[in-house]
Each structure stands twice: as structure tokens, then as C-alpha cells.
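Here is the structure we will look at, set down as C-alpha cells.
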Amino acid sequence: MSATPDTHPTAAASRPVAAAMPRSANPVARKTTISGLFVHAQMSSVAGAPVVYLLGDVADHSSVQVPEGVSLVNVGVDLWEENFSPWCAPRVFAKGPNFGDGAQKTLDTLINQVIPWAESELTEPPAYRVLVGYSLAGLFSLWAGVSQPATPQQVARGYQPDDAPSQPGVSSQPGAPHVDAPVATFQRVGAVSGSFWFPSLLDYVDQQLSGGAVGLTHAYLSLGDREARTPNPQIMHVRENAELLASELENAGITSTFELNRGNHFQNVEGRMQKALNWLVK
Numbered sequence: 010m011s012a013t014p015d016t017h018p019t020a021a022a023s024r025p026v027a028a029a030m031p032r033s034a035n036p037v038a039r040k041t042t043i044s045g046l047f048v049h050a051q052m053s054s055v056a057g058a059p060v061v062y063l064l065g066d067v068a069d070h071s072s073v074q075v076p077e078g079v080s081l082v083n084v085g086v087d088l089w090e091e092n093f094s095p096w097c098a099p100r101v102f103a104k105g106p107n108f109g110d111g112a113q114k115t116l117d118t119l120i121n122q123v124i125p126w127a128e129s130e131l132t133e134p135p136a137y138r139v140l141v142g143y144s145l146a147g148l149f150s151l152w153a154g155v156s157q158p159a160t161p162q163q164v165a166r167g168y169q170p171d172d173a174p175s176q177p178g179v180s181s182q183p184g185a186p187h188v189d190a191p192v193a194t195f196q197r198v199g200a201v202s203g204s205f206w207f208p209s210l211l212d213y214v215d216q217q218l219s220g221g222a223v224g225l226t227h228a229y230l231s232l233g234d235r236e237a238r239t240p241n242p243q244i245m246h247v248r249e250n251a252e253l254l255a256s257e258l259e260n261a262g263i264t265s266t267f268e269l270n271r272g273n274h275f276q277n278v279e280g281r282m283q284k285a286l287n288w289l290v291k
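Residue numbers (my numbering): 10 to 291.
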């Protein structure tokens, strides 16, 4: 976020595209709304294929792609500053909104409702799941990644979305356990031009990693080289924070990288997202 056009914007101001058209083998496209999240899934027919969950505003066309044979699920929200914020924090701009604490609810919905719906027709669990987002959605991805325990998760199957009629023999509740989920729900995360300036983020990540119970295996962090050029005292440390986070993740045994791109926060959004996906899905 930034106080100037050349630096980090608020999530509300930027609303970067977070949609992609995958080149998956025989993709099956479905759209729905689940507990306020807008979901567009294109699932691969390849057994055990990875699934990428791409956060942000869902658009029908984008140049961002996942490799052939990989499933893609776009997830959009109404209020970035509420749905992607892990805890309450004051606004960083005079005309901007304050940040809420809706991230945990969003993560719970992803795990207990969106994943079961999106993956309900897969013949095998995915080899791994990727969670990636831009700006505040990138902050959410990183926060979610370090918030996961390194123990098997029970992921419900058979969840029916808000607009779906009930079906005989299919549970409409998110409580039907499916226990063959991987060690962590999302093993790989991407924070592209992430809001690494967010208050208390460094302390939270340090606390989580120190506990030694994080199931994350890969983390991709990036920024534009002009994003820290701002008089805003909170945002000016975004690059320093990103570098510290990447180093700390790597030291915790998580395969990590920090990539510095040219330009400000708005520049080449799709290109930066593509770089993240190319690194995370390999």
C-alpha cells in the first residue's frame, strides 16, 4: 500500500486481477458462491494433480496460466480489508478503511467448504495445494501458510454450495470427514507484492515458526523495487520485512524465495503472478 501512485495501494484501491485460465487436461469448469466467497473452479482430470487456489477478484479471462494437468480454483471476496486481514489494525491512509479480523473465517470457509466442493469429483487427493494472492491477498496466503499445523487435517467432502439443491446421499454439512488430505491443507503459498508491512506480521510469523508445528513446505514472496519508496512510515519498511520473512522461512526449513521485480505495486500484476505460479508449481 502507498500514499502515492507509485507504491503499495490499499486492497480496495488495487483490486488486482487474480483469475486464470488453466491449460489443465480436460478441465471441468464450475462456478458458485459459498458463504460469501465467489468460487470458479477448473479441475484437471489428471489423478493426483496439484490444485492452485488463487485469491482475489475473479475474472473470466486472464493471461495467467497454470501448467497443463494442474487444477485451478479462483476465490473472490467482497471486502479485502475484512476478509483477508488476520487481525484488526488501523487504516494506513486517511481515506482508507480500517482492517478487520475476518481472515480466520475466510480460511475456515476455504478448508471446510470451498475445498470439499471444488475437489468433490477428484478421483484422488491432490499431490499438494497452492494458495497464492496479490497485495493483501498475498498477506493472507502467507498468514494462512504459517497458521497450519503439521498434522493430518480432516477435510470434509460433499459440501454443497449456497446455490446448490440438496442431493440424495450427499452431505450438505461441512462436517463429513475426509482424512486423506495432505499433512497441511496448503503446502505451498505465494505472497505476490504482499502487504508485508502489516502490523505485527513479523512477530506472528516468528512465533509460529518458533513453535515448530508449521506444515508449510514452500513459500514465494515478491515485491516491486519501488514499493518501499513512500513517506508512509508503516509501508516504507515493506521490502526490509519481506527479506526478513523470506530468510526466516528458509531458516525454518521451508523452501523459500524472495523475488524483487521492477516497478511499483501496480506494474505487471499478471506477470508477477505468473512468476509466482511458475515457481510454486514445479
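Just so it is clear, CB atoms sit at the ideal spot from N, CA and C, and this is done for glycine as well.
Own chain, CB closer than 7 Å to D117, minus 5 neighbours either side, in chain order | none
Range covered by the alpha helix (DSSP H) that runs through I124 = 124 to 127
Fully enclosed by the region 215 to 249, which beta strand (DSSP E) runs are 3 residues long or longer?
-> 227 to 233
Thinking C-alpha only, which one of T226, T239, F149 is nearest S204?
-> F149
Can you name the residues that DSSP bridges to F267?
-> According to DSSP, F267 bridges with L230.
Tell whether a beta-carbon distance below 7 Å holds between V101 and G78.
-> For V101 and G78, no; Cβs fall outside 7 Å.
Classify G272 as helix, strand or coil using the three-state DSSP reduction.
-> Coil.
Under 6 Å Cβ to Cβ from S209, same chain only, skipping five residues before and after it: list those, please.
-> If we look at S209 and ignore the five residues flanking it on each side, it has no Cβ neighbours.
With a Cβ-Cβ cutoff of 7 Å, do S265 and S202 count as a contact?
-> When the beta-carbon positions are compared, S265 and S202 stay at least 7 Å from each other.
Determine the extent of the beta strand (DSSP E) in which V61 is found, giving its start and end residues.
-> Where V61 is concerned, the enclosing beta strand (DSSP E) stretches over 60 to 64.
Helix, strand or coil for T194 per DSSP?
-> Three-state DSSP puts T194 in coil, outside helix and strand.
Counting only the same chain and skipping the five closest in sequence on each side, list residues whose C-beta sits under 6 Å from that of P174.
-> Unreliable positioning characterises P174 in this predicted model, as indicated by a pLDDT of 48, which lies under 50. The coordinate reading is nonetheless provided below. The answer is none, since no qualifying residue turns up.
In chain order, what residues of the same chain have a beta carbon less than 7 Å from the beta carbon of E91, not counting five sequence neighbours either side?
-> G109, G111
Start and end of the alpha helix (DSSP H) containing R100?
-> Careful: R100 lies outside any alpha helix (DSSP H) and carries neither H nor E.
Where G233 falls, given that 16 or more other Cβ within 10 Å makes a residue buried = buried
Any idea which residues DSSP pairs N287 with across the strands?
-> DSSP lists no beta-bridge partner residue for N287.
With distances taken from CA atoms, which of V37, N121, P106 is nearest Q113?
-> N121
Helix or strand or just coil, what does DSSP make of K104?
-> The answer is coil: DSSP assigns K104 none of H, G, I, E or B.
Burial state of T226 (16 or more Cβ within 10 Å) | buried
To which residues of the same chain is E252 closer than 7 Å at the C-beta, ignoring the five residues directly before and after it?
-> So the list reads F267, once near-sequence residues are dropped.
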